[in-house]
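So the protein lines, in turn, are chains A and B.
Heads up, the first sequence is in our numbering, so the first residue is 2 and it goes up one at a time.
Heads up, the second sequence is in our numbering, so the first residue is 3 and it goes up one at a time.
A virtual CB, placed ideally from N, CA and C, is assigned to each residue, including glycine.
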Amino acid sequence: MQQASISEFFEKNKHFLGFDTLQRSIITAVKESVDNSLDACEEARYLPTIEIEIHKVPGKSDELLMISQDNGPGIPPDAITRVFGSLLFGSRFHTIRQTRGQQGIGITGVVMYSQLTTGKHTHVISKVEKEATAVHLNIGLDTKKNKAISSNRKREHWFNAEGELIPHGVRVEARMKAKYQRGKQSVYQYLRMTSIVNPHASISFRVFDEGGAVIDGGDWPRVTDVLPTPVKEIRPHPHGLEIGSLQRFLRESDERKMTSFLRRNFSGVSMRAARDILARAEIDEARRPTTVKAEEAQGLLAAFRQVRIMPPPTDCLSPIEDLLIKKGLSKAIDSRFVSTITRSPTVASGNPFQVEVGLIFGIDMPADGPVEVLRFANRVPLMYQQGGCLLTKAIESVDWKKYGLDHPGGRGIPKGPAAILIHLASTNVQFTSEAKEAVSDNEEVLGEFRLALQEVGRGLRSHKRKSKQREKAKEKFELVNVILPAISEKVSAILGREEPPLAPVISNIMNAVFLEETTEWDPAEKVTRCSFQMFNYTPRPRQYTLLATWPEREGIEIVDESREGKREAKGLRKWKMDTLPPGENVTVSFALDGLTKGDWTEFEVFFRGAGDIIGATKLDEKLLEEIRREEEAGIERQDLLSTEGDEEFSTGELDEVAPDADGTSAVVQSPDEESRADGGADAETAQREASEVTGQSNLNDWRVGE
Amino acid sequence: MSEGKTTDDVVESLHGVAQEMHDRMLKGTAPTMTLPVRTKKNIEFDKRLGVYKYGKKRTVRDATSLRSARQLLRALHIIEFIEEMIDAGKSSTLREMYYISEGWGHGKFGNQNESNNLAEDLEIVTKCMREDFKLRPEEDGSRMIGNMTINERNRRGEWMRINARDDVGDSGYGVPYNVESEKLELVEHDVDFIMAIETGGMFDRLVENGFDEDFRAGLLHLKGQPARSTRRILKRMNEEWNLPIVVFLDGDPWSFRIFASIAYGAIKTAHISEYLATPSATYLGITADDILAYDLPSDDLSNKDIEALKAELTDPRFADGWWQQQIKMMLDTGKKAEQQSLAKYGLDYVTDTYLPEKLADLGLS
Numbered sequence: 002m003q004q005a006s007i008s009e010f011f012e013k014n015k016h017f018l019g020f021d022t023l024q025r026s027i028i029t030a031v032k033e034s035v036d037n038s039l040d041a042c043e044e045a046r047y048l049p050t051i052e053i054e055i056h057k058v059p060g061k062s063d064e065l066l067m068i069s070q071d072n073g074p075g076i077p078p079d080a081i082t083r084v085f086g087s088l089l090f091g092s093r094f095h096t097i098r099q100t101r102g103q104q105g106i107g108i109t110g111v112v113m114y115s116q117l118t119t120g121k122h123t124h125v126i127s128k129v130e131k132e133a134t135a136v137h138l139n140i141g142l143d144t145k146k147n148k149a150i151s152s153n154r155k156r157e158h159w160f161n162a163e164g165e166l167i168p169h170g171v172r173v174e175a176r177m178k179a180k181y182q183r184g185k186q187s188v189y190q191y192l193r194m195t196s197i198v199n200p201h202a203s204i205s206f207r208v209f210d211e212g213g214a215v216i217d218g219g220d221w222p223r224v225t226d227v228l229p230t231p232v233k234e235i236r237p238h239p240h241g242l243e244i245g246s247l248q249r250f251l252r253e254s255d256e257r258k259m260t261s262f263l264r265r266n267f268s269g270v271s272m273r274a275a276r277d278i279l280a281r282a283e284i285d286e287a288r289r290p291t292t293v294k295a296e297e298a299q300g301l302l303a304a305f306r307q308v309r310i311m312p313p314p315t316d317c318l319s320p321i322e323d324l325l326i327k328k329g330l331s332k333a334i335d336s337r338f339v340s341t342i343t344r345s346p347t348v349a350s351g352n353p354f355q356v357e358v359g360l361i362f363g364i365d366m367p368a369d370g371p372v373e374v375l376r377f378a379n380r381v382p383l384m385y386q387q388g389g390c391l392l393t394k395a396i397e398s399v400d401w402k403k404y405g406l407d408h409p410g411g412r413g414i415p416k417g418p419a420a421i422l423i424h425l426a427s428t429n430v431q432f433t434s435e436a437k438e439a440v441s442d443n444e445e446v447l448g449e450f451r452l453a454l455q456e457v458g459r460g461l462r463s464h465k466r467k468s469k470q471r472e473k474a475k476e477k478f479e480l481v482n483v484i485l486p487a488i489s490e491k492v493s494a495i496l497g498r499e500e501p502p503l504a505p506v507i508s509n510i511m512n513a514v515f516l517e518e519t520t521e522w523d524p525a526e527k528v529t530r531c532s533f534q535m536f537n538y539t540p541r542p543r544q545y546t547l548l549a550t551w552p553e554r555e556g557i558e559i560v561d562e563s564r565e566g567k568r569e570a571k572g573l574r575k576w577k578m579d580t581l582p583p584g585e586n587v588t589v590s591f592a593l594d595g596l597t598k599g600d601w602t603e604f605e606v607f608f609r610g611a612g613d614i615i616g617a618t619k620l621d622e623k624l625l626e627e628i629r630r631e632e633e634a635g636i637e638r639q640d641l642l643s644t645e646g647d648e649e650f651s652t653g654e655l656d657e658v659a660p661d662a663d664g665t666s667a668v669v670q671s672p673d674e675e676s677r678a679d680g681g682a683d684a685e686t687a688q689r690e691a692s693e694v695t696g697q698s699n700l701n702d703w704r705v706g707e
Numbered sequence: 003m004s005e006g007k008t009t010d011d012v013v014e015s016l017h018g019v020a021q022e023m024h025d026r027m028l029k030g031t032a033p034t035m036t037l038p039v040r041t042k043k044n045i046e047f048d049k050r051l052g053v054y055k056y057g058k059k060r061t062v063r064d065a066t067s068l069r070s071a072r073q074l075l076r077a078l079h080i081i082e083f084i085e086e087m088i089d090a091g092k093s094s095t096l097r098e099m100y101y102i103s104e105g106w107g108h109g110k111f112g113n114q115n116e117s118n119n120l121a122e123d124l125e126i127v128t129k130c131m132r133e134d135f136k137l138r139p140e141e142d143g144s145r146m147i148g149n150m151t152i153n154e155r156n157r158r159g160e161w162m163r164i165n166a167r168d169d170v171g172d173s174g175y176g177v178p179y180n181v182e183s184e185k186l187e188l189v190e191h192d193v194d195f196i197m198a199i200e201t202g203g204m205f206d207r208l209v210e211n212g213f214d215e216d217f218r219a220g221l222l223h224l225k226g227q228p229a230r231s232t233r234r235i236l237k238r239m240n241e242e243w244n245l246p247i248v249v250f251l252d253g254d255p256w257s258f259r260i261f262a263s264i265a266y267g268a269i270k271t272a273h274i275s276e277y278l279a280t281p282s283a284t285y286l287g288i289t290a291d292d293i294l295a296y297d298l299p300s301d302d303l304s305n306k307d308i309e310a311l312k313a314e315l316t317d318p319r320f321a322d323g324w325w326q327q328q329i330k331m332m333l334d335t336g337k338k339a340e341q342q343s344l345a346k347y348g349l350d351y352v353t354d355t356y357l358p359e360k361l362a363d364l365g366l367s
């Protein structure tokens, strides 16, 4: 490729390479570096710490120096030029997996763009742990030979600002024509969104002007030590296959027979299925794959559809998991309420996919504007083409008015002080164009998103109803505890009479039993303190059994219980209360050990007994029965498996299928065996996280009257 | 002004309000305060007094909601405050009371409108007037010019004799907030009628043109929606001097309301209409037909204007045929006009042509 042709290549493809405008170029450059850092850390099982700097180059207009540094495993010295100069480097196509998915040609694009716009080579420092020194070098492209060239290569110790040796990591310094700006499409927003879906990463960001003064920046520290589950590679499923790929597979196949070709290259194809397919496609079983012609490939494709093929495995996906989304969202946005859902993985046209959504009701967010939409595909923020994206359409298709958000005309993005996070994890995310900024339409994916969005919507509605009820109760309390005594005192002073007895007046005004519950993190004892207080403001004595939800699971226990309770069902504690005389109140408190701050912020109280309690819900006995039955079934299954002597399963939760209010089920997958095998301690934590999620969806079932 | 109410009477009626609350609480029920409904749906024509008064509809404010309970507590604080002022021989403005309420803890007000309204509620319930409560408005009264002589008691307690033509400058005699007989006496006059004028611009025009002398008129500037003292002095001049009152306003829905408050009684102060309203007052202009007849420069009615006119159609005070016709005509033409639009024909047109013609219709010129 000649100089002219490289420029031509860039010019022709700059839109999908992400370098079509000066503003976008810097975002793309940062994005490629950060994606590389996150992927490398994830593979090496390191908790990533990433620092991004942008410097305005003095004396040059629209020229920026981008510096990115991570604490990842580093790049082996002999692989550096390949990573940064892999212009036409083929990717593995026989297996597919969920990856962050580089834009165009990845970090090589940054090297090229820098060289083409400023003539400068990109400076790289890479240090791997087992070597004493770091490799320092400049990387550029030999435009005549079309390959990466390195210069000034040297080995030196690498120190940080404090003069300490850096054990491992990569630093990239690239100088390019670009323009820094803030806003919805900016480096800042990209990093903020990235930090939300990568709660295990610490990201810091600084922008410096020509004089070296900091003019912008942000810090997003990690909120969890749990690394994402490593993704497994799977073979493509015949149902997701296109003719072009099939022909390529055939052409490049090493197998000698068609039967082994089908069985080894695709998932879900058994020997029987392979024979069946070949019979229908009228291709001899012993044919050499390389000899199969285009028309025959078409026939093969058609035969795939006629034969029963096992669906592809779904454990190849790495969702963020709803509890971690919650943490990620909470660190980026001050919230009053967060609800997150990770749906169980499923398959659309041969491609495993999984959807996740989060809804955060924020503080200090504009109430009259549209909610903030945070779109992600395989953990990568999508910042352009919001309108044409399936994820946006999914949000627009839900009737948000029903769930308490302003949604004028039931069209478009709902309005309110909220943000909606929407994530599609798939081995094959279909985009509308090469720019990879908008997910294309797919009925099954849309359906899954709608279910997830409706579920977080129900969470919001129940939260709003609860806040409203709480507000009302608070007013009543102020009325009878503050204002009424003041009235009584003033009246009696004015008239020079005795104060009337207030208890009967209060009962008359309230005429209800009230219950107030609070949840607080106790930083000293490292426990979550829960309590509820019941007031009998009726003229008659009242007797109730009260039940509270708690996140029952391995490692979490109830401590400091002020009154002894009993287990009623999974995640439901029961207290039989004494008869409460009129005008009296009683408090029950307990603490939860084994949680961290912010894990458990709200619980629900149910009651058994006559009349209503404002602030508690009458227990639906039918629902309770159902939960109990399922729990028993779950225990049976667990017993069954542990008798098989599979120790891996005995410690963890099984896939729990909990019926949802609208009849759908939320299946929470246990981490697969493989993750445990190579994850060690991390996998154990992940296990806990996963079971926390189970508890979460279990609680959703307790919501009555949805 | 008080129809012979002693301070004891006042305190007793205020205690009545507290008594109602105490009685209810002794019965074990929420304390209440009962007061007339204060909307146009509850004003009725009182044949004996010739003015509109509150009807029989009552509303009970009970302490079952936080809002109402706060109102009751505030009312009690005001009662206590009034008693203290009566005992100390002091008085305060409504604004001062609002600021004093800052120290009333849970009984403090959110804004002065709330405290003004509650003081009015107490007037209505106790059938006292705010002067009885030692509360004064800070609103300034109107001004008057013309050959009318008044005795006003000054701060030193001495009576001062003032002629509103000879003893005043161009801005006229300033009417004090209290125009009751202990403060102000109507001594003598040499005019044939009183003309109440909405805007300062028109008042000054008539003064400059010497209208008061040429037409033997007493001129009074209303300053928009007239204060209680303005309406009260109009009524006294009408009754004690037996002078006709003519009202000269802009031609729009809001002027109609100003006239209604002067002639029939205002909805907000319907409990004291008999002190404030002058039933014999006449609406001189600008009428809806004046706009057409004099081809006055006009503006289109706004949506708010139209709403106001429609509300007036069902207001009992405008039930009479002439008013219904005026309101409907304004709605039909969709036009309103200001007093000063008469200047279209020159500065003297109003005094040389318009007013003489209008007064002639009434037999006043």
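**Item:** Cβ contact check for the stretch 154-168 of chain A and the stretch 116-132 of chain A: 3 or more pairs under 8 Å
**Value:** By the Cβ rule, the stretch 154-168 of chain A counts as touching the stretch 116-132 of chain A, because three or more pairs are nearer than 8 Å.
**Prompt:** How about Leu547(A) and Val589(A): are their beta carbons less than 8 Å apart?
**Reply:** Residue numbering aside, residue 547(A) sits at position 546 when the first sequence is read from its first letter. Residue numbering aside, residue 589(A) sits at position 588 when the first sequence is read from its first letter. Val589(A) is positioned such that its CB atom lies closer than 8 Å to that of Leu547(A).
**Asked** For the candidate residues Gln73(B), Ile199(B) and Asp192(B), whose alpha-carbon lies nearest to that of Ile488(A)?
**Response** As a working note, residue 488(A) is residue 487 in the first sequence. Selection Gln73(B), Ile199(B) and Asp192(B) evaluated against Ile488(A) yields Gln73(B) as nearest (Cα-Cα).
**Request:** Let me know the secondary structure DSSP gives Lys7(B) once reduced to three states.
**Result:** Residue numbering aside, residue 7(B) sits at position 5 when the second sequence is read from its first letter. Lys7(B) falls in the coil class under three-state DSSP.
**Asked** Which chain B residues sit within Cβ distance under 7 Å of Leu485(A)?
**Response** As a first step, residue 485(A) must be located in the first sequence, where it is residue number 484. Going along chain B in sequence order, the residues near Leu485(A) (Cβ under 7 Å) are Ala65 and Ala71.
**Item:** Cβ distance (whole Å) where Leu596(A) is taken to contact Ile557(A) below 8 Å
**Value:** As a working note, residue 596(A) is residue 595 in the first sequence. As a working note, residue 557(A) is residue 556 in the first sequence. Going by Cβ atoms, the distance from Leu596(A) to Ile557(A) rounds to 6 Å, so yes, they are a contact pair.
**Asked** Going along the chain, which residues of its own chain have a beta-carbon closer than 6 Å to the beta-carbon of Ser67(B), five neighbours each way excluded?
**Response** What you label residue 67(B) is simply residue 65 of the second sequence in a count that begins at 1. Excluding residues within five positions, none has a Cβ falling inside 6 Å.
**Request:** With distances taken Cα to Cα, identify the nearest neighbour of Ala202(A) among Asp40(A), Leu452(A), Glu33(A) and Glu555(A).
**Result:** In the first sequence, counting from the first residue as 1, residue 202(A) sits at position 201. Nearest of Asp40(A), Leu452(A), Glu33(A) and Glu555(A) to Ala202(A), Cα basis: Asp40(A).
**Asked** Does the distance from the CB of Tyr351(B) to the CB of Leu344(B) come in under 8 Å?
**Response** As a first step, residue 351(B) is located in the second sequence; it is residue number 349 there, counting from the start. As a first step, residue 344(B) is located in the second sequence; it is residue number 342 there, counting from the start. Less than 8 Å divides the Cβ of Tyr351(B) from the Cβ of Leu344(B).
**Item:** Gly363(A) (DSSP reduced to helix, strand or coil)
**Value:** Position 362 of the first sequence, counted from the start, is the residue given in the question as residue 363(A). Residue state for Gly363(A) is assigned as strand, using DSSP reduced to three classes.
**Prompt:** Counting pairs of Cβ atoms below 8 Å between the stretch 179-186 of chain A and the stretch 50-69 of chain A, do you hit three or more?
**Reply:** Judged by Cβ distances under 8 Å, the stretch 179-186 of chain A makes contact with the stretch 50-69 of chain A, as three or more pairs qualify.
**Item:** Length at least 3, wholly inside the stretch 118-156 of chain B: the beta strand (DSSP E) runs in chain order
**Value:** Those beta strand (DSSP E) runs which fall completely within the stretch 118-156 of chain B and span 3+ residues are 145-147 and 150-155.
**Request:** With DSSP as the reference, label Phe187(A) as helix, strand or coil.
**Result:** Translated into the one-based positions of the first sequence, residue 187(A) becomes position 186. Sequence inspection shows Ser at residue 187(A); the Phe mentioned does not correspond to that position. In the structure shown, Ser187(A) adopts coil according to DSSP, grouped into three states.
**Beta-carbon spacing of Lys55(B), Ala272(B) below 8 Å** = For this step, residue 55(B) is matched to residue 53 along the second sequence. For this step, residue 272(B) is matched to residue 270 along the second sequence. Their beta carbons are under 8 Å apart, which means Lys55(B) touches Ala272(B) by this criterion.
**Message:** Suppose you measure from the CA of Glu22(B) to the CA of Pro501(A); what does that come to, to the nearest Å?
**Reply:** As a position in the second sequence, residue 22(B) is number 20, starting the count at 1. As a position in the first sequence, residue 501(A) is number 500, starting the count at 1. Cα-Cα distance, rounded: 13 Å.
**Request:** For Val39(B), name the three-state secondary structure that DSSP assigns.
**Result:** Here residue 39(B) refers to the residue found at position 37 when the second sequence is read from its first residue. Coil.
**Cα-Cα separation, Tyr538(A) to Thr36(B)** = For the purposes of this step, residue 538(A) is identified with residue 537 of the first sequence, where counting begins at 1. For the purposes of this step, residue 36(B) is identified with residue 34 of the second sequence, where counting begins at 1. Cα to Cα, Tyr538(A) sits roughly 26 Å from Thr36(B).
**Message:** For Lys327(A), which residues in the same chain have their Cβ closer than 6 Å to its Cβ, ignoring the five residues on either side in sequence?
**Reply:** In the first sequence, residue 327(A) corresponds to position 326, counting from 1. Around Lys327(A), the same chain offers Val339 and Thr341 as residues with beta carbons nearer than 6 Å, after the five sequence neighbours per side are excluded.
**Request:** Taking 8 Å as the threshold, find out whether the stretch 431-439 of chain A comes into contact with the stretch 308-317 of chain A through three or more Cβ pairs.
**Result:** Too few Cβ pairs lie closer than 8 Å, so no.
**Message:** Strictly under 8 Å for the Cβ-Cβ distance: is Ile264(B) near chain A by that measure?
**Reply:** Walking along the second sequence from the start, residue 264(B) turns up at place 262. Chain A contact via Cβ: absent.
**Message:** Considering only the alpha carbon of each residue, which of Met331(B), Met27(B) and Val19(B) lies closest to Ser508(A)?
**Reply:** Your numbering for residue 508(A) matches position 507 in the first sequence. Residue Met27(B) is the option with its Cα nearest to Ser508(A).
**Message:** On a Cα-Cα basis, can you pick out the residue from Leu117(A), Arg46(A) and Glu33(A) that is closest to Glu773(A)?
**Reply:** The question about residue 773(A) has no answer here: the residues shown for chain A are numbered 2 through 707.
**Request:** For chain B, find out if any of its Cβ atoms is closer than 8 Å to the Cβ of Asn482(A); answer yes or no.
**Result:** Looking up residue 482(A) in the first sequence gives position 481. False, the Cβ-Cβ gap to chain B never drops below 8 Å.
**Prompt:** Can the beta-carbon of Val372(A) be found closer than 8 Å to that of Ala453(A)?
**Reply:** Here residue 372(A) is taken as the residue at index 371 of the first sequence, counted from 1. Here residue 453(A) is taken as the residue at index 452 of the first sequence, counted from 1. Contact flag unset, no.
**Request:** Check the Cβ of Gly176(B) against every Cβ in chain A and list those closer than 9 Å, keeping chain order.
**Result:** Working through the second sequence from its first residue, we reach residue 176(B) at position 174. For the C-beta of Gly176(B), not a single chain A residue is nearer than 9 Å; the gap to the nearest is close to 38 Å.
**Asked** Between the stretch 27-47 of chain B and chain A, which residues of the former have CB atoms less than 8 Å from a CB of the latter, in chain order?
**Response** Taking 8 Å as the Cβ-Cβ cut-off against chain A, the residues of the stretch 27-47 of chain B that qualify are Met27, Leu28, Gly30, Thr31, Ala32 and Pro33.
**Message:** By the DSSP assignment, the beta strand (DSSP E) with Leu349(B) in it spans what residues?
**Reply:** Position 347 of the second sequence, counted from the first residue, corresponds to residue 349(B). Leu349(B) -> no beta strand (DSSP E), and no H or E assigned at all.
**Asked** Hey, Pro239(A) and Ile310(A) are a contact pair by Cβ (cut 8 Å); roughly how many whole angstroms apart?
**Response** On the first sequence, position 238 is the one that residue 239(A) refers to. On the first sequence, position 309 is the one that residue 310(A) refers to. Contact flag correct, Cβ pair sits at about 6 Å.
**Message:** Strictly under 8 Å for the Cβ-Cβ distance: is Leu641(A) near chain B by that measure?
**Reply:** Here residue 641(A) refers to the residue found at position 640 when the first sequence is read from its first residue. Residue confidence for Leu641(A) is low, a pLDDT of 42 falling below 50, so the modelled location carries little weight; the figure read from the coordinates is stated next. At least 8 Å separates the CB of Leu641(A) from every CB of chain B.
**Message:** Mapping the DSSP letters down to three states, classify Tyr100(B) as helix, strand or coil.
**Reply:** Stepping through the second sequence from its first residue, residue 100(B) is reached at position 98. Collapsing the DSSP output to three states places Tyr100(B) in a helix.
**Request:** Using only the heavy atoms of the ligand SAM, determine whether one of them is closer than 7 Å to the beta carbon of Glu518(A).
**Result:** For the structure depicted, the ligand SAM is absent and the ligand set is empty, with no information on it obtainable.
**Request:** Check the Cβ of Met23(B) against every Cβ in chain A and list those closer than 8 Å, keeping chain order.
**Result:** Locating residue 23(B) in the second sequence gives position 21, counting from the first residue. Contact of Met23(B) with chain A by beta-carbon distance below 8 Å involves Ile488 and Val492.
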